[in-house]
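**Q** Going by this note's numbering, the sequence shown opens with residue 1033, and the numbers climb by one from there. Just so you know, even glycine gets a beta-carbon here, dropped at the ideal spot from N, CA and C. Remember, it's a predicted structure, so these values are computed and weren't measured experimentally.
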Amino acid sequence: MNTKTKKAEYFYRVLGSEVFEECKEEKQPVPVMLKSESDGENMYFSFESNKWLPFRYEKFDSNDSQFFAEFKKKQENDKFGINMDITGSSVITDEETLSVEFSVQYISRGKGEIVPAIQEESVLFDMKNGTIQHSVNPKNQKHTFFSFSELEDSSLVPPKKAVNAALGNLLTIAEKFTQKKISSIYFATEPNSKDEKKQIESALFEIQALMRLPFAHELYPVICSKELKNLNLQFKFDREDSDVLKKFFGKMKIENCKMTQNAYLKNPMLLVTYLKMKKCGFKDSNLFEAVLFEDENAKIIDSIEISILKPFSKFCIKKCGEAAAMSILLKKSDSIENKTNGIAMLMQNFRHIPKELVKDILESGFTDENCLALSAIK
């Protein structure tokens, strides 16, 4: 390895623990079956003799090139929901080729067998060419550890420390590639999440975003979101276009002003909220400010399907103006469930709803009484 351009980081699971320790040198796993699994004493598997032998720590004390990897007869997860078969991980970063190779090592077992085998899967992120190359054992494709979608319980989830290292290094690589400062979305939001697996999913998704759209990777979740598709909007991009964000604003007819820029910096998905409001007929900048920079208000708008929000908003705007229409939508005394169900019933049975009930909704909102009255109309 050319140490001038390459950096290697290794992470190995502590025997019988959810903890992964970082090491400077690569190590080989020694499968260990604890006595709770072996129905007797602690055993280790000797690949030389191809059998289990009594385990003694003293035998390995002076051997820094090995580490102990717990072998279980059946697949189990640790307290974070991470597959205990994962024994180690490595991150090899090459600043010359602008690439990061991310590998996961795990123990596999045959059906009804207690003979361990050491497997490894890797992914090479080539920033220069924009490629993600998987190296998957054909016999274990269904267990591929690297996924951009929601990780299942049986997935070989990489350890968080290794994922963080891969993301951090890829951010550095991306800065070299784009010649611009890049801030992480994940590292800014991750501490708010208590779910280890969700944190890993978020970091893996940001890795994909960096690879697909290095000049504006914060925009990638917006472009790929189902929320944008629900607005019948789409955007084609060139990963090497340094003006991709400006072009997105232009294509979506988003006013490039201080308000939208600050909303984007706060949370890129607020651009979808902005576009949703525009689709619904809102134009008042004060109302956009009230929604985009108040999390609870944005949550209300985001939670209502565009198919019912749009006709309801346009009806309200026509009847009583933008401010009054938004006031009805953001009324805190009404639950989101009441708003969603109430708007759906109102739009579905509009022709059959008494004028007095419509008037009361426009004045009082979707109270329990008004929702009950709407549900009684068939």
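1) Please report the straight-line C-alpha distance between G1353 and G1313, rounded to a whole angstrom.
2) When DSSP labels each residue in this structure, what does I1239 get in the three-state scheme?
3) For D1185, which of helix, strand or coil comes out of DSSP?
4) What whole-angstrom Cβ distance do L1251 and R1271 have, given they're in contact under 8 Å?
5) Within a Cβ cutoff of 6 Å, which residues of the same chain sit near D1316, ignoring the five residues on either side of it in sequence?
6) Please classify L1303 as buried or exposed, where buried requires at least 16 neighbouring CB atoms within 10 angstroms.
7) Is it true that the CB of S1135 sits closer than 9 Å to the CB of P1148?
8) Going by beta-carbon coordinates alone, are L1394 and I1385 separated by less than 9 Å?
9) For E1102, write down the residues that DSSP places opposite it in a beta bridge.
10) Give me the residue from I1205, A1356 and I1217 with the minimum Cα distance to M1301.
11) Considering just the uninterrupted stretch of the beta strand (DSSP E) at E1054, what are its terminal residues?
12) Report yes or no: do the stretch 1108-1126 and the stretch 1185-1204 share at least 3 C-beta pairs separated by less than 8 Å?
13) With a cut-off of 8 Å on the beta carbons, I'd call K1208 and E1133 a contact; round off their distance for me.
14) Give a yes or no on whether the C-beta atoms belonging to L1361 and I1336 are separated by under 9 Å.
15) Within 10 angstroms of the Cβ of Q1137, are there 16 or more other Cβ atoms? Answer buried if so, exposed if not.
16) Consider the C-beta atom of G1282 and the heavy atoms of the ligand FMN; say whether any pair is separated by less than 8 Å.
17) Since T1125 and K1039 should fall inside the 8 Å C-beta cutoff, what is the C-beta to C-beta distance between them, to a whole number of angstroms?
18) Hey, could you find the ends of the beta strand (DSSP E) G1120 is sitting in?
19) Assign F1398 to one of two classes, buried (16 or more other C-beta atoms within 10 Å of its C-beta) or exposed (fewer than that).
20) Ends of the alpha helix (DSSP H) at S1335?
21) For R1049, does the three-state DSSP call read helix, strand or coil?
22) For K1298, count neighbouring C-beta atoms within 10 Å of its own C-beta (all shown protein chains included) and say buried if the count is 16 or more, exposed if not.
23) Kindly indicate which residue of F1043, F1382, K1363 and D1334 has the alpha-carbon position closest to the one of L1260.
24) What are the boundary residues of the beta strand (DSSP E) that includes Q1380?
**A** Short version:
1) 10 Å
2) helix
3) Note that D1185 scores 47 on pLDDT, short of 50, meaning its location in the model is unreliable and no value can be drawn from it.
4) Not quite, the Cβ-Cβ distance comes to about 11 Å (not below 8 Å), so this is no contact.
5) E1354
6) buried
7) no
8) no
9) V1064
10) I1217
11) F1052 to C1055
12) yes
13) With 8 Å as the limit, K1208 and E1133 do not qualify as a contact, their Cβ atoms being about 17 Å apart.
14) yes
15) buried
16) Annotation note on the ligand FMN: not contained in the displayed structure, which lists no ligands.
17) 5 Å
18) I1118 to D1126
19) buried
20) D1327 to S1335
21) Note that residue 1049 is Ser in the sequence shown, not Arg. DSSP places S1049 in coil when its eight states are reduced to three.
22) exposed
23) D1334
24) Where Q1380 is concerned, there is no enclosing beta strand (DSSP E), although the alpha helix (DSSP H) it sits in stretches over I1368 to Q1380.
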